[in-house]
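Enquirer:
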């Protein structure tokens, strides 16, 4: 039996705010990580070029080089740690550029310091997978290709819902639940959790509505054949699918499509039903800020 201690994962905290930097660093050290600090963008880039890090917490607005500039240079270099973006700048442009530059996750400031440990553990426990491709990054029209994995689905949901932070909380929560259900269905059933297959997502926003369009690489399905879902059951037996899911070893649930149909103003499928469009109209467009177009 080896007496060697396990190698500690290396993490860099880059932030020009000393209190944030030291606080996050201390928590990560207590959680067992080997932590270094950088007070500006140049120092962060130099540290990454000199040492191999597993994970970098990167503030966006720092002196000399912004976090986004550092992130872009990391992606073209030989050392490519996973990156968690930290910022109080929640604008669509900043979020979309972070996604485009392959940030792994996003922490909006202020955040509970303990959350940094949870994000670090989640990021470092995940395997490397094909990248998320950004096909359109305009605030009113976002289009992505994501690998068919649950991890990618959960990550992109975080980004997508932050883009809709201007919506009322109840509306955003309803949309978030619906988007998550449709996306997980796409990667699990359409993509068969194969990371080499892709789901195409489009989010289109106007002052009057929000539309998600999700297309998976599968052959499609029929509601009549969904024995494992509530939406495929007769009204007299609304929970008959639960025993089917238990027999097949499928995660508990099966009410997602039914709930999504109730939440949507329109839920439209193509002919073979491997592509779905979720539409939510805003009753009072003046109460919902319009996304900047252009």
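Numbering (our numbering), first residue to last: 33 to 326.
For every residue, glycine included, the Cβ atom is placed at its ideal position computed from N, Cα and C.
Throw me the rounded Cβ distance for the residue 195 and residue 124 pair, which I believe falls under 8 angstroms.
Expert: By 1-based counting over the chain shown, the position of residue 195 is 163. By 1-based counting over the chain shown, the position of residue 124 is 92. Confirmed, Cβ separation roughly 5 angstroms.
Enquirer: Using 8 angstroms as the cut-off, can you tell me whether the segment 69-77 makes contact with the segment 160-170, which would need three or more C-beta pairs spanning the two stretches below that distance?
Expert: They do not touch, by the three-pair rule.
Enquirer: If you run the structure through DSSP and keep just helix, strand and coil, what is residue 190?
Expert: As a working note, residue 190 is residue 158 in the chain shown. Three-state DSSP puts residue 190 in a helix.
Enquirer: Residue 241 to residue 297, Cα distance in whole Å?
Expert: Position 209 of the chain shown, counted from the first residue, corresponds to residue 241. Position 265 of the chain shown, counted from the first residue, corresponds to residue 297. Each residue's Cα considered, the two are about 10 angstroms apart.
Enquirer: Ignore the nearest five residues each way along the sequence and tell me which others in residue 145's own chain have a CB closer than 8 angstroms to its CB.
Expert: In the chain shown, counting from the first residue as 1, residue 145 sits at position 113. Same-chain partners within the cutoff: 55, 56 and 59.
Enquirer: Identify whether residue 307 lies in helix, strand or coil by the three-state DSSP scheme.
Expert: Here residue 307 refers to the residue found at position 275 of the chain shown. In this structure, residue 307 counts as strand in the three-state DSSP scheme.
Enquirer: How many angstroms separate the CA atom of residue 131 from the CA atom of residue 137?
Expert: Residue numbering aside, residue 131 sits at position 99 when the chain shown is read from its first letter. Residue numbering aside, residue 137 sits at position 105 when the chain shown is read from its first letter. One C-alpha to the other measures close to 8 angstroms.
Enquirer: Under 8 angstroms by Cβ, that's how I've got residue 163 and residue 134 pegged, so tell me the actual separation to the nearest angstrom.
Expert: Counting from one through the chain shown, the residue named residue 163 turns up at place 131. Counting from one through the chain shown, the residue named residue 134 turns up at place 102. Their Cβ separation, rounded to whole angstroms, is 6 angstroms, which keeps residue 163 and residue 134 in contact under 8 angstroms.
Enquirer: Taking 8 angstroms as the cut-off, decide whether the C-beta atoms of residue 232 and residue 208 are in contact.
Expert: Position 200 of the chain shown holds residue 232. Position 176 of the chain shown holds residue 208. In this structure, residue 208 does not lie closer than 8 angstroms to residue 232 by Cβ.
Enquirer: Comparing alpha-carbon positions, which option in 171, 91 and 94 lies nearest residue 238?
Expert: Here residue 238 corresponds to residue number 206 of the chain shown, with the count starting at 1. For the residues 171, 91 and 94, the minimum Cα distance to residue 238 belongs to 171.
Enquirer: For chain C, check one thing: does any of its Cβ atoms lie closer than 8 angstroms to the Cβ of residue 170?
Expert: Considering every chain present, this structure includes no chain C. It has just one protein chain.
Enquirer: Leaving out the 5 sequence neighbours to the left and right, which residues in its chain are closer than 7 angstroms to residue 69 when beta-carbon positions are compared?
Expert: By 1-based counting over the chain shown, the position of residue 69 is 37. Around residue 69: 45, 53 and 57.
Enquirer: Report the three-state DSSP secondary structure of residue 110 (helix, strand or coil).
Expert: Translated into the one-based positions of the chain shown, residue 110 becomes position 78. Residue state, collapsed to three classes: coil.
Enquirer: Give the DSSP-derived three-state secondary structure of residue 235 in the structure shown.
Expert: If you number the chain shown from 1, residue 235 lands on position 203. Strand, per DSSP.
Enquirer: Around the Cβ of residue 293, are there at least 16 other Cβ atoms within 10 angstroms (buried) or fewer (exposed)?
Expert: Taking the first residue of the chain shown as 1, we reach residue 293 at position 261. With fewer than 16 Cβ atoms within 10 Å of its Cβ, residue 293 is classed as exposed.
Enquirer: Starting from the Cα of residue 66, find the closest Cα among 183, 88 and 72 and give me that residue.
Expert: Locating residue 66 in the chain shown gives position 34, counting from the first residue. Checking every option, the nearest Cα to that of residue 66 belongs to 88.
Enquirer: Applying the 10 Å Cβ sphere with the 16-neighbour rule, what's the burial state of residue 95?
Expert: Your numbering for residue 95 matches position 63 in the chain shown. It is exposed - the Cβ of residue 95 has fewer than 16 other Cβ atoms within 10 Å.
Enquirer: In angstroms, rounded to a whole number, what distance separates the CA positions of residue 229 and residue 51?
Expert: Here residue 229 is taken as the residue at index 197 of the chain shown, counted from 1. Here residue 51 is taken as the residue at index 19 of the chain shown, counted from 1. Roughly 43 angstroms between the two C-alpha positions.
Enquirer: Determine the burial state of residue 98: buried for a count of at least 16 other Cβ atoms within 10 Å of its Cβ, exposed for fewer.
Expert: To locate residue 98, count along the chain shown from 1; it is residue 66. Per the 10 Å Cβ criterion, buried.
Enquirer: For residue 114, collect the residues of the same chain with a Cβ closer than 6 angstroms to its Cβ; drop the 5 residues on either side in sequence, then sort them by chain order.
Expert: Your numbering for residue 114 matches position 82 in the chain shown. Excluding positions up to five away in sequence, the list reads 87, 136 and 155.
Enquirer: Taking the alpha-carbon of residue 151 as reference, which of 203, 224 and 187 has the nearest alpha-carbon?
Expert: Taking the chain shown and counting its residues from 1, the one referred to as residue 151 is at position 119. The option with the nearest alpha carbon to residue 151 is 187.
Enquirer: According to the Cβ coordinates, are residue 227 and residue 179 closer than 8 angstroms?
Expert: Mapped onto the chain shown, residue 227 falls at position 195. Mapped onto the chain shown, residue 179 falls at position 147. Closer than 8 angstroms, so yes.
Enquirer: Expressed to the nearest angstrom, what Euclidean distance is found between the alpha-carbon atoms of residue 310 and residue 204?
Expert: One-based indexing of the chain shown puts residue 310 at position 278. One-based indexing of the chain shown puts residue 204 at position 172. Rounded to the nearest angstrom, the two C-alpha atoms are 14 angstroms apart.
Enquirer: Leaving out the 5 sequence neighbours to the left and right, which residues in its chain are closer than 7 angstroms to residue 218 when beta-carbon positions are compared?
Expert: Along the chain shown, one-based indexing puts residue 218 at 186. Taken in chain order, the residues that qualify are 231, 246 and 248.
Enquirer: Tell me whether residue 44 sits in a helix, a strand or coil according to DSSP, three-state version.
Expert: Position 12 of the chain shown, counted from the start, is the residue given in the question as residue 44. Strand, per DSSP.
Enquirer: Helix or strand or just coil, what does DSSP make of residue 119?
Expert: On the chain shown, residue 119 is found 87 positions in, with the first residue counted as 1. Correct three-state label for residue 119: strand.
Enquirer: With H, G and I counted as helix, E and B as strand and the rest as coil, what does DSSP make of residue 156?
Expert: In the chain shown, residue 156 corresponds to position 124, counting from 1. Helix.
Enquirer: In angstroms, rounded to a whole number, what distance separates the CA positions of residue 263 and residue 254?
Expert: Residue mapping note: residue 263 aligns to position 231 of the chain shown, counting from 1. Residue mapping note: residue 254 aligns to position 222 of the chain shown, counting from 1. Annotation note: pLDDT 49 at residue 263 (below 50); position unreliable, coordinate value reported separately. Taking the straight line from one Cα to the other gives about 11 angstroms.
Enquirer: Classify residue 39: buried if its beta carbon has 16 or more other beta carbons within 10 angstroms, exposed otherwise.
Expert: To locate residue 39, count along the chain shown from 1; it is residue 7. Residue 39 comes out exposed.
Enquirer: Can you tell me the Cα-Cα spacing of residue 101 and residue 192, whole angstroms?
Expert: For this step, residue 101 is matched to residue 69 along the chain shown. For this step, residue 192 is matched to residue 160 along the chain shown. In a straight line, the C-alpha of residue 101 is about 22 angstroms away from that of residue 192.
Enquirer: When DSSP builds the beta bridges, which residues end up paired with residue 89?
Expert: Position 57 of the chain shown, counting from 1, holds the residue named residue 89. According to DSSP, which records beta bridges pairwise, residue 89 is partnered with 45 and 116.
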